[in-house]
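Engineer: The structure under discussion is supplied below as structure tokens; questions concerning it will follow.
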Ligand code: PGA
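Residue numbers (the working numbering): 15 to 266.
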């Protein structure tokens, strides 16, 4: 059993209707049924989670959401709680994706609360961090991402931290076709791991760190070969059965 089991997570973002999601789930499962050495999760819009539950709950593919609120219930119009995600057989939830930080003004304080709430409900949070192009060009990327990791995870005990997954997603690489080089991605993931060591000591060696940003079947192998990259968070390339299944095979 490796120390950190590889994880490939699809992030469908705001894509797929109910029939499309069902079709994907059935066909994708057929193609990856033999994969036992990698954890796979599809993070889908709330409206298709029940379909994924029907098709995938008993399978090796995990179901995830892309956001949640930190309270379990109450007067929070339009929000979805961790309890509701449990209901949908979710085991994971993406927290703090750069699109949520940018378009929906989520800040580190809110994100830290969501991480804590997810863990309390036994959901694995996939915390997204990453710098924009200006920070990268100014040579401030490492400091910026370290700061995000510290602010978002500071409140957690080492045993809680161990259950968190971190996705390093440089904003300039998301949906642009521009992947960070495997070396740059490794450098940042290693810096994230050393930041985690500062918070939680040796537990940092057990925390999974993913890379995200224009990952596809053609570049996954090189990324996975890096010592501190334990998998990927995949947007565009997770929308098509053939491509995502190929990506998973190439990651092995
Ligand atoms: P992308 O998105 O793979 O389409 O670049 C990744 C993400 O935003 O999680």
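For glycine and all other residues, C-beta sits at the position ideal for the given N, C-alpha and C.
Are the stretch 74–90 and the stretch 43–63 in contact at 8 Å, needing three or more beta carbon pairs?
Structural biologist: Enough Cβ pairs lie closer than 8 Å, so yes.
Engineer: Name the one or two DSSP bridge partners that residue 253 has.
Structural biologist: Taking the chain shown and counting its residues from 1, the one referred to as residue 253 is at position 239. In DSSP, residue 253 forms no bridge with anything.
Engineer: Assign residue 79 to one of three DSSP states: helix, strand, or coil.
Structural biologist: Along the chain shown, one-based indexing puts residue 79 at 65. Note: residue 79 maps to strand in three-state DSSP.
Engineer: So residue 224 and residue 178 are in contact, right, with Cβ under 8 Å, and what is the actual spacing, rounded?
Structural biologist: Residue 224 sits at position 210 when you count from the first residue of the chain shown. Residue 178 sits at position 164 when you count from the first residue of the chain shown. So it is not a contact: roughly 11 Å between Cβ atoms.
Engineer: Considering only heavy atoms of the ligand PGA, does any lie closer than 6 Å to the CB of residue 228?
Structural biologist: One-based indexing of the chain shown puts residue 228 at position 214. The answer is yes for residue 228.
Engineer: Might you give, ordered along the chain, the residues of its own chain that have their beta carbon closer than 7 Å to the beta carbon of residue 15, omitting 5 neighbours on each side?
Structural biologist: Position 1 of the chain shown, counted from the first residue, corresponds to residue 15. Because the pLDDT of residue 15 is 35, which lies under 50, any placement of that residue in the model is unreliable, and the number read from its coordinates should be weighed accordingly. Within the same chain, residue 15 has no close Cβ partners at all.
Engineer: Rounded to a whole number of angstroms, what is the C-alpha to C-alpha distance between residue 263 and residue 88?
Structural biologist: The residue you call residue 263 lines up with position 249 of the chain shown. The residue you call residue 88 lines up with position 74 of the chain shown. So the two alpha carbons sit approximately 43 Å from each other.
Engineer: Under the criterion of a Cβ to heavy atom distance below 6 Å, does residue 189 qualify as lining the ligand PGA?
Structural biologist: In the chain shown, counting from the first residue as 1, residue 189 sits at position 175. Result yes, Cβ under 6 Å from the ligand PGA.
Engineer: Only counting the same chain, and skipping five residues up and downstream in sequence, which positions put a Cβ closer than 7 Å to that of residue 191?
Structural biologist: Taking the first residue of the chain shown as 1, we reach residue 191 at position 177. The answer, listed in chain order, is 228.
Engineer: Under the criterion of a Cβ to heavy atom distance below 6 Å, does residue 107 qualify as lining the ligand PGA?
Structural biologist: Residue mapping note: residue 107 aligns to position 93 of the chain shown, counting from 1. Residue 107: no, Cβ never under 6 Å from the ligand PGA.
Engineer: How big is the Cα-Cα spacing for residue 18 and residue 182?
Structural biologist: Within the chain shown, residue 18 is the residue found at index 4, counting from 1. Within the chain shown, residue 182 is the residue found at index 168, counting from 1. Going by the C-alpha atoms only, they are around 16 Å apart.
Engineer: Just checking, does the stretch 134–148 make contact with the stretch 93–103 on the three C-beta pairs under 8 Å criterion?
Structural biologist: Result yes; three or more Cβ-Cβ pairs closer than 8 Å.
Engineer: So, for residue 241: in the same chain, excluding its five sequence neighbours on each side, which residues have a beta-carbon less than 8 Å away from its beta-carbon?
Structural biologist: Within the chain shown, residue 241 is the residue found at index 227, counting from 1. The residues are 200, 204.
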